[in-house]
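If you count the sequence shown from 1, position 193 lands on 193 in UniProt numbering, and the numbers rise without skipping.
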Amino acid sequence: MNMMPPNLPAGAGDRAWLKILARYRKPDRLRSAFELAVTVIPFAALWALSWAAVAYGQWWGLVLTIPAAGFLVRLFMIQHDCGHGSFFAHRHTDDWTGRAIGVLTLTPYDYWRRAHAAHHASAGNLDERGVGDITTLTVAEYQALSRWGKLRYRLYRHPGVMFGIGPAWLFLIQQRLPVGMMRSGLTPWVSTMATNLAIATIAVVLIWLVGLVPFLLVHLPIVIIAGAVGVWLFYVQHQFEDTHWADGDQWEFQQAALHGSSHYDLPGVLRWLTGNIGIHHVHHLSSKVPHYRLPEVLRDYPELRDVGRITIPDSLRCVKLVLWDESRRKLVSFREAHAPA
Numbered sequence: 001m002n003m004m005p006p007n008l009p010a011g012a013g014d015r016a017w018l019k020i021l022a023r024y025r026k027p028d029r030l031r032s033a034f035e036l037a038v039t040v041i042p043f044a045a046l047w048a049l050s051w052a053a054v055a056y057g058q059w060w061g062l063v064l065t066i067p068a069a070g071f072l073v074r075l076f077m078i079q080h081d082c083g084h085g086s087f088f089a090h091r092h093t094d095d096w097t098g099r100a101i102g103v104l105t106l107t108p109y110d111y112w113r114r115a116h117a118a119h120h121a122s123a124g125n126l127d128e129r130g131v132g133d134i135t136t137l138t139v140a141e142y143q144a145l146s147r148w149g150k151l152r153y154r155l156y157r158h159p160g161v162m163f164g165i166g167p168a169w170l171f172l173i174q175q176r177l178p179v180g181m182m183r184s185g186l187t188p189w190v191s192t193m194a195t196n197l198a199i200a201t202i203a204v205v206l207i208w209l210v211g212l213v214p215f216l217l218v219h220l221p222i223v224i225i226a227g228a229v230g231v232w233l234f235y236v237q238h239q240f241e242d243t244h245w246a247d248g249d250q251w252e253f254q255q256a257a258l259h260g261s262s263h264y265d266l267p268g269v270l271r272w273l274t275g276n277i278g279i280h281h282v283h284h285l286s287s288k289v290p291h292y293r294l295p296e297v298l299r300d301y302p303e304l305r306d307v308g309r310i311t312i313p314d315s316l317r318c319v320k321l322v323l324w325d326e327s328r329r330k331l332v333s334f335r336e337a338h339a340p341a
């Protein structure tokens, strides 16, 4: 069976991409330090300005929590690079930078890094779902569920839960414990508990300085908005109609990376705020490429631009895609799952 998507540019699937992308893996450490500075400083400034406005009764200042959330998303993307060892390409520096950022993003770095590594090693593999990804059932698996099981899955995949309740639960509550790794050794526990302690310490200091209500009014919206954006990005990077899934014996890394991850083509400002994570197919091909070098790959290899490309309107239509149809080899909606193939 020919598994190559019909709209694939000639030759794009045949290249040895791991070898080709190796030359993009080396970061510029001064550039990395600059990227960190131009993310942390505006985030802190927007947070302080929003608090100052609220403290003086200028409620319009809460509008500043929106761009602050954007910079928090960007901080998470830098943490993400650190997790792959691609930001400074120095394990010790990357790890401690990631751990420090994890306190701001409410994401225990070492715990998250282990789960994310599992995601990269198994993305698109139907036999290895469930670690570091969004739960996705096949049509047959869904139809085999009880009525209560189907209701739970429908609730889980509902946009209000997926992008509203879900991110708040994940970042504020679930990540306070190493869920899924309770029996995976000491590291996940040390990571989550140390992060929790650091979060609590900073929160207590800020509440002492600015007051409980202003702290909550400013910080909670930032965290919730950034969390929702983060979950949305992760969702559309793999949950699009022509994504690629395969059984374990047919799964192949390059094929899964190139076609199981989207190129979320965002406007320039959003590309910058999201750390070019929309160029996700290239990132999965070579996770050691620093985020600021991903556009270089598209510039030098334009055949990759249209592979898995989705725009913002396209991504909005992806919300209804909830089940993998093994016969049609694509994601489908609940309604389409009941329609004849």
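Glycine included, every Cβ here is placed at the ideal spot set by N, Cα and C.
Quick one: give me the first and last residue of the beta strand (DSSP E) that residue i is part of.
i, result
"residue 324", "323-325"
"residue 330", "330-332"
If you measure between the beta carbons of residue i and residue j, is that distance less than 9 Å?
i, j, result
"residue 116", "residue 132", "yes"
"residue 259", "residue 280", "no"
"residue 83", "residue 113", "yes"
"residue 24", "residue 296", "yes"
"residue 145", "residue 137", "yes"
"residue 76", "residue 228", "no"
"residue 232", "residue 171", "no"
"residue 78", "residue 97", "yes"
"residue 315", "residue 283", "no"
"residue 272", "residue 74", "yes"
"residue 81", "residue 275", "yes"
"residue 245", "residue 324", "yes"
"residue 143", "residue 337", "yes"
"residue 127", "residue 109", "no"
"residue 187", "residue 175", "no"
"residue 59", "residue 214", "no"
"residue 250", "residue 18", "no"
"residue 125", "residue 247", "yes"
"residue 277", "residue 237", "yes"
Give me the Cβ distance between residue i and residue j, rounded to the nearest whole Å; I'm assuming they're in contact under 8 Å.
i, j, result
"residue 326", "residue 69", "Actually they are not in contact, since the Cβ atoms of residue 326 and residue 69 sit about 38 Å apart, beyond 8 Å."
"residue 222", "residue 106", "With a Cβ gap of about 11 Å, residue 222 and residue 106 do not count as contacting."
"residue 239", "residue 304", "Rounded, the Cβ-Cβ distance is 20 Å, inconsistent with contact."
"residue 285", "residue 21", "6 Å"
"residue 111", "residue 178", "5 Å"
"residue 48", "residue 61", "In fact, because the Cβ distance is near 10 Å, the residues do not count as touching under 8 Å."
"residue 31", "residue 292", "6 Å"
"residue 134", "residue 235", "6 Å"
"residue 311", "residue 265", "6 Å"
"residue 86", "residue 287", "7 Å"
"residue 65", "residue 307", "Going by Cβ atoms, the distance from residue 65 to residue 307 rounds to 36 Å, so no, they are not a contact pair."
"residue 168", "residue 224", "5 Å"
"residue 41", "residue 103", "Residue 41 to residue 103, Cβ: 17 Å. No contact."
"residue 88", "residue 152", "Their Cβ separation, rounded to whole angstroms, is 42 Å, which puts residue 88 and residue 152 out of contact at 8 Å."
Going by DSSP, what residue range makes up the alpha helix (DSSP H) through residue i?
i, result
"residue 38", "29-55"
"residue 139", "139-143"
"residue 274", "Run containing residue 274: none; DSSP gives neither H nor E here."
"residue 110", "109-122"
"residue 156", "147-157"
"residue 282", "280-285"
"residue 254", "253-260"
"residue 127", "Segment: none, residue 127 is in no alpha helix (DSSP H) and carries neither H nor E."
"residue 296", "294-300"
"residue 15", "Element bounds for residue 15: n/a, residue is neither H nor E."
"residue 315", "312-317"
From the beta carbon of residue i, is the nearest beta carbon of chain B less than 9 Å away?
i, result
"residue 232", "Among the chains in the structure shown there is no chain B, since it carries only a single protein chain."
So within the stretch 199-251, which uninterrupted alpha helix (DSSP H) runs reach at least 4 residues, ignoring any that extend past its ends? 212-236
Runs of alpha helix (DSSP H) lying entirely within the stretch 75-99, each at least 4 residues, in chain order: none
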